[in-house]
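Engineer: Residue numbers for the sequence shown follow the working numbering, beginning at 62 and rising by one.
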Amino acid sequence: MSFLNIFNNLLFNILLFVLIYLINSEEEFNFNIGNLNLFCPEPKENWHFVGNGCFKKIFKKFNWKEANEFCQNFENNSSNSLFLDNFLLYKDLSKSLNKEFNGSFEFWTSWYINLNNSKELPDRIFKFNSNYSINIYNPNWALLQPQFEEFLNDKENILCISWNSMLSDKENFGWRLRNCSELLPTICQTFACFLDSNKHPQHRCSDNSGCISHLNFCNGIEDCKNGEDEINNKCLCSNDKIIKKELSFPYGNIYFPLIKSSKQNLINIKCPQQLIRYEWLIKNKVGAKIKLNFLSLHLNYFDKLKLKLGNNKEININNNLNTSNYLIDENKLIIIFEKYIIDNLINDSYFYLQYFVDEASVCERTFESWNGTFSPPLAIPDNNGYYKTPIKCHWIINNKNNGIVFIKLLLNQLILNDWLLIKLIGNNQQIIYKNLTSNYINYSFGFLSTFSEIHFIFNSNNNLFGGKGFKINFERSKYNY
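The structure is reproduced here in structure tokens:
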């Protein structure tokens, strides 16, 4: 035998020995081939990494259909019930899950089978809510499965597949057939995100339709099914400007000057548009109204000027104003101006407005004066005579000298579930004097009080309309002094 043949035989034996050793010692290795930086959905502590997937234990018990639908909820990242089809990954998943033993070892999967009329075992296994199928001859079955004979008398032709995760149970580890109405916990499964080419974590689309690189934002192509990667609020470049200012005075002017920019600063290949965004916040006490008067206005095609009210309703302002005056029936208003500079469309835009906060109807107030009158703020237009809703008001009459205060209340109408509470505070005690509801109509009364504080708390929850409301007069006696 030549030296070359001896060498080849020796090399073959060495390689065979190494291969046998690796196979026999696979349980000893603490890593997977091709370690990757994977990112599961938030919160990450609820998810387990296995392969390139993410798995979340759901401890609540469902029937098979409910379990699959539950995983598809937004709170579970629109995932699916367990649909692994890989024996080695099932082993890894078992090791990961059973570190957090809680007494549950059997879980629903997404898989099921259809029995034909002759009640014979089919060739294919199907996935919930999908046409996808795999071969029924599969190493993922438990040792004595699939056993379907016990279900032959069932009226249903569908049998569902569960997975036993106890790896040490050599007989039961793996898939088994179950009646779909049985109650079991489940495991939600979804894909993991990776690092992009810039070594940054990929963005997971909020609809869980995929993971995309941040470089794919605002490139004119919708990579997420819901198109969120092309929505303006995600298209802010690093050189965009967002300037916020809170206006503390009850009146003033807001003026946006001409924007002068050089063309070389406008075009960015990675982000073809730039944004200058200003936000002015006007905020006052509950019940206040805000008046706006536009003195001049010129907007370009890509500019956006809008009024954002406290209830998140928005009013868009454009060059074709039907009116230059606005009365905002809110105590909070954000004026937002967004100027988009796109390619070479550089034109001047400007606006100039005055604002004034009308505090006459503010309903968070403490009265120190001799006498007064108050009532809930009216809805716009005021001539309807109905109070604004929803709203919460709190008036306090201070009576520090514990003199006599004469109070007269005329109650016209409160809408169902609205209420007015009168509370007296003083001498280390609190007394609920009256709690008025919609049961009181065209009701009037008066009373005297020497308490140091008289509170009137009004709460309206109705989102549609208010009632005729009430009016309260108070007058202090000369004996206060």
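By construction, the Cβ of each residue, glycine as well, lies at the ideal position given by its N, Cα and C atoms.
Here the structure is a predicted model, which is why all the values come from computation and not from measurement.
Touching or not, the stretch 485 to 494 and the stretch 530 to 541, by the rule of three or more beta carbon pairs under 8 Å?
Structural biologist: Segments in contact, no.
Engineer: Going along the chain, which residues of its own chain have a beta-carbon closer than 6 Å to the beta-carbon of S505, five neighbours each way excluded?
Structural biologist: The answer, listed in chain order, is L471.
Engineer: By the three-class DSSP mapping on this structure, what secondary structure does L472 have?
Structural biologist: In the structure shown, L472 sits in a strand (DSSP, three-state: E or B).
Engineer: Checking 8 Å against the spacing of the C-beta atoms, do T427 and S521 come in under that value?
Structural biologist: No. Outside cutoff.
Engineer: How about I465 and L509: do their beta carbons lie closer than 8 Å?
Structural biologist: Yes; because the gap between Cβ atoms is below 8 Å, this pair is in contact.
Engineer: Thinking just about the alpha-carbon of each residue, which of W125, S157 and C424 is nearest to the one in E106?
Structural biologist: The shortest Cα separation from E106 among W125, S157 and C424 belongs to S157.
Engineer: If we count Cβ pairs, one from each stretch, closer than 8 Å, do we get three or more for the stretch 415 to 431 versus the stretch 337 to 351?
Structural biologist: Because the criterion of three Cβ pairs below 8 Å is met, the stretch 415 to 431 and the stretch 337 to 351 touch.
Engineer: Starting from D419, follow the beta strand (DSSP E) in both directions and report where the run begins and ends.
Structural biologist: Per DSSP, D419 belongs to the beta strand (DSSP E) from Y411 to D419.
Engineer: Could you tell me the alpha carbon to alpha carbon distance between N129 and L220, rounded to whole angstroms?
Structural biologist: One C-alpha to the other measures close to 14 Å.
Engineer: In three-state DSSP terms, what is W224?
Structural biologist: Residue state, collapsed to three classes: strand.
Engineer: With F398 and L358 assumed to form a contact (beta carbons below 8 Å), what rounded beta-carbon distance in angstroms separates them?
Structural biologist: That belief does not hold up - the Cβ atoms of F398 and L358 are roughly 11 Å apart, past 8 Å.
Engineer: Quick check: what's the CA-CA separation for I492 versus H516?
Structural biologist: Each residue's Cα considered, the two are about 10 Å apart.
Engineer: Using 8 Å as the threshold, is the C-beta distance between L370 and E391 below it?
Structural biologist: For L370 and E391, yes; Cβs fall inside 8 Å.
Engineer: Between the Cα of Q250 and those of P102, Y448 and Y411, spot the shortest distance and give me the residue it belongs to.
Structural biologist: Of P102, Y448 and Y411, the residue nearest in Cα terms is P102.
Engineer: Rounded to whole angstroms, what is the Cα-Cα separation between P104 and K117?
Structural biologist: Each residue's Cα considered, the two are about 11 Å apart.
Engineer: Could you name each continuous beta strand (DSSP E) segment of 3 residues or more that falls completely within the stretch 140 to 220, going from the start of the chain to the end?
Structural biologist: Listed in chain order, they are 167 to 175, 185 to 188 and 194 to 196.
Engineer: If I follow the unbroken beta strand (DSSP E) through K231, where does it start and stop?
Structural biologist: Taken as a continuous stretch (DSSP letters only), K231 belongs to no beta strand (DSSP E), as it is neither H nor E.
Engineer: Which value, in whole angstroms, describes the spacing of the CA atoms of K224 and R237?
Structural biologist: It is worth fixing the name first, because residue 224 is Trp in this sequence and not Lys. Cα to Cα, the separation comes out at about 6 Å.
Engineer: Does L149 have its Cβ less than 8 Å from a Cβ in chain C?
Structural biologist: Looking at the structure shown, chain C is missing, and only one protein chain is on hand.
Engineer: Is it right to say I304 is buried, meaning 16 or more other beta carbons lie within 10 angstroms of its own, or is it exposed?
Structural biologist: Per the 10 Å Cβ criterion, exposed.
Engineer: Suppose you measure from the CA of F187 to the CA of E291; what does that come to, to the nearest Å?
Structural biologist: So the two alpha carbons sit approximately 35 Å from each other.
Engineer: Around the Cβ of G507, are there at least 16 other Cβ atoms within 10 angstroms (buried) or fewer (exposed)?
Structural biologist: When all chains shown are included, G507 counts as exposed.
Engineer: Give the straight-line distance between the Cα atoms of P333 and S155, rounded to the nearest whole angstrom.
Structural biologist: Reliability fails at P333, whose pLDDT of 45 lies under 50, so the model's placement of it is uncertain and the value that follows must be treated cautiously. Rounded to whole angstroms, P333 to S155 spans 48 Å at the Cα level.
Engineer: Below 6 Å CB to CB, which residues in the same chain sit around E232 once its five sequence neighbours on both sides are set aside?
Structural biologist: Contacts found: L204.
Engineer: Residues in the same chain with beta-carbon distance under 8 Å from I197, minus the five sequence neighbours each way, listed in chain order, please.
Structural biologist: The residues are I174, L182, P183, D184, R185, I186 and P207.
Engineer: Do you know how far the Cα of E136 is from the Cα of S274?
Structural biologist: Those two C-alpha atoms are separated by around 23 Å.
Engineer: To the nearest angstrom, how far is the alpha carbon of N379 from that of W341?
Structural biologist: Approximately 18 Å between the Cα atoms of the pair.
Engineer: Whole angstroms are fine: how far does the CA of N178 sit from the CA of L45?
Structural biologist: With the chain covering 62 to 542 only, the question about residue 45 has no answer from this structure.
Engineer: By DSSP, does K495 sit in helix, in strand, or in coil?
Structural biologist: If DSSP states are grouped into helix, strand and coil, K495 belongs with the strands.
Engineer: Given that a residue counts as buried once 16 or more other Cβ atoms are within 10 Å of its Cβ, and exposed if not, what is T247?
Structural biologist: So T247 ends up on the buried side.
Engineer: For S267, which option in F252, F278 and N287 has the closest C-alpha, if you only look at C-alpha atoms?
Structural biologist: Nearest option by C-alpha distance: N287.
Engineer: At the level of alpha carbons, what is the spacing between V418 and A440?
Structural biologist: Taking the straight line from one Cα to the other gives about 16 Å.
Engineer: When the Cα atoms are used, what is the spatial distance from N201 to C279?
Structural biologist: Straight-line Cα distance between these residues: approximately 44 Å.
Engineer: By DSSP, does W125 sit in helix, in strand, or in coil?
Structural biologist: Helix at W125.
Engineer: Taking the Cβ atom as the reference point for each residue, do K529 and N473 lie within a distance shorter than 8 Å?
Structural biologist: Result yes, Cβ atoms of K529 and N473 sit closer than 8 Å.
Engineer: Let me check understanding here. Comparing Cα to Cα, which of N460, K453, I376 and E514 lies closest to G527?
Structural biologist: Of the candidates N460, K453, I376 and E514, the one whose C-alpha sits nearest the C-alpha of G527 is K453.
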